[in-house]
Structures are given as C-alpha cells and as structure tokens.
Amino acid sequence: MLRGFGAGPAGDSRGLDLAADVGSPVRAAGAGIVSYAGTPARAYGALVMVEHEGGLHTVYGNLGEVRVAKGQRVETGDILATSGGKTGDLPPHLHFEVRRGQEALDPLLSLPPR
Numbered sequence: 052m053l054r055g056f057g058a059g060p061a062g063d064s065r066g067l068d069l070a071a072d073v074g075s076p077v078r079a080a081g082a083g084i085v086s087y088a089g090t091p092a093r094a095y096g097a098l099v100m101v102e103h104e105g106g107l108h109t110v111y112g113n114l115g116e117v118r119v120a121k122g123q124r125v126e127t128g129d130i131l132a133t134s135g136g137k138t139g140d141l142p143p144h145l146h147f148e149v150r151r152g153q154e155a156l157d158p159l160l161s162l163p164p165r
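Here the numbering used here is used: the first residue of the sequence shown is 52, the next is one more, and so on.
Written out as structure tokens, the structure reads:
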C-alpha cells in the first residue's frame, strides 16, 4: 500500500492508494451496478463507481482503460478497467474508496481478509 486511509503527511485520503502495474486488471470488490464510468476530475483520472446493496459505493480511480458502462451490472471479481499510470508524487497505482453516501469509510474494514 502506497498510502492508507485518513490523515497523513500528504493530507487526508478518502481511500487507499495501492501499487499496481500499468495495465493491470481492476476488479469489482462486490456485486452491484456501475453508477459512473468516465473522467470526472484530474485528481482521480478515469474513474468507475459501483453502487452496492446497503447504500455502499466503491470508487476506483487512476484508471487506464475503462471496460464497463454506466448502468451495467457487475459481479464480484469482474474486470472494471485497467490500472493507469503515475500521478502526483506516487508511482503507478490504483485509488480505491468505499463510501456510504458522501461519507468515506476505511476500505480495510469493508474488504474480506487476504
């Protein structure tokens, strides 16, 4: 992990920044409906958001090629996109968030153990 959730020396992080080789598959953390697929802001690069049961959303940022479309149903492990390149002071990585509404949650508390 390149950067964890919460406050840190580079400021607050709403998610995790995970090292990932450019072009690596980015997979859905859970089943749901794609609520956004595109490029909303320079800070996130290409972005995919998936809406899950219980009002949770997962957010996948700093993507290369997006392979899903808004409204598409995805299952756990489906490929959403490929990882993108280097941004800011970080090497190539995937940005991952878990949200309930506008509230950012620590993704490590939502993911199954490795």
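Cβ coordinates follow ideal geometry from the N, Cα and C atoms, glycine included.
What is the DSSP secondary structure of P143, reduced to helix, strand or coil? Shown here, P143 sits in coil according to DSSP, grouped into three states, outside any helix or strand.
For my contact list, V101 and V117 are in at a C-beta cut-off of 8 Å; report their separation, rounded to the angstrom. A Cβ-Cβ separation of about 12 Å leaves V101 out of contact with V117 under the 8 Å criterion.
Could you give the DSSP three-state label for G128: helix, strand or coil? Three-state DSSP puts G128 in coil, outside helix and strand.
Any idea if L160 is buried or exposed, counting beta-carbon neighbours within 10 angstroms, 16 or more meaning buried? L160 comes out exposed.
Can you say whether E179 is buried or exposed, counting buried as having 16 or more other CB atoms within 10 angstroms of its CB? Since the displayed the chain opens at 52 and closes at 165, residue 179 lies outside it and no answer follows.
Express the C-alpha separation of R124 and G83 in angstroms, rounding to a whole number. A direct Cα-Cα distance of roughly 6 Å separates G83 from R124.
Within this structure, are the beta carbons of A131 and L69 separated by less than 7 Å? Residue identity check: residue 131 is Leu in the sequence provided, not Ala. For the 7 Å CB-CB criterion, L131 and L69 do not form a contact.
Please classify A120: is it buried, with 16 or more other beta-carbons within 10 angstroms of its beta-carbon, or exposed? It is exposed - the Cβ of A120 has fewer than 16 other Cβ atoms within 10 Å.
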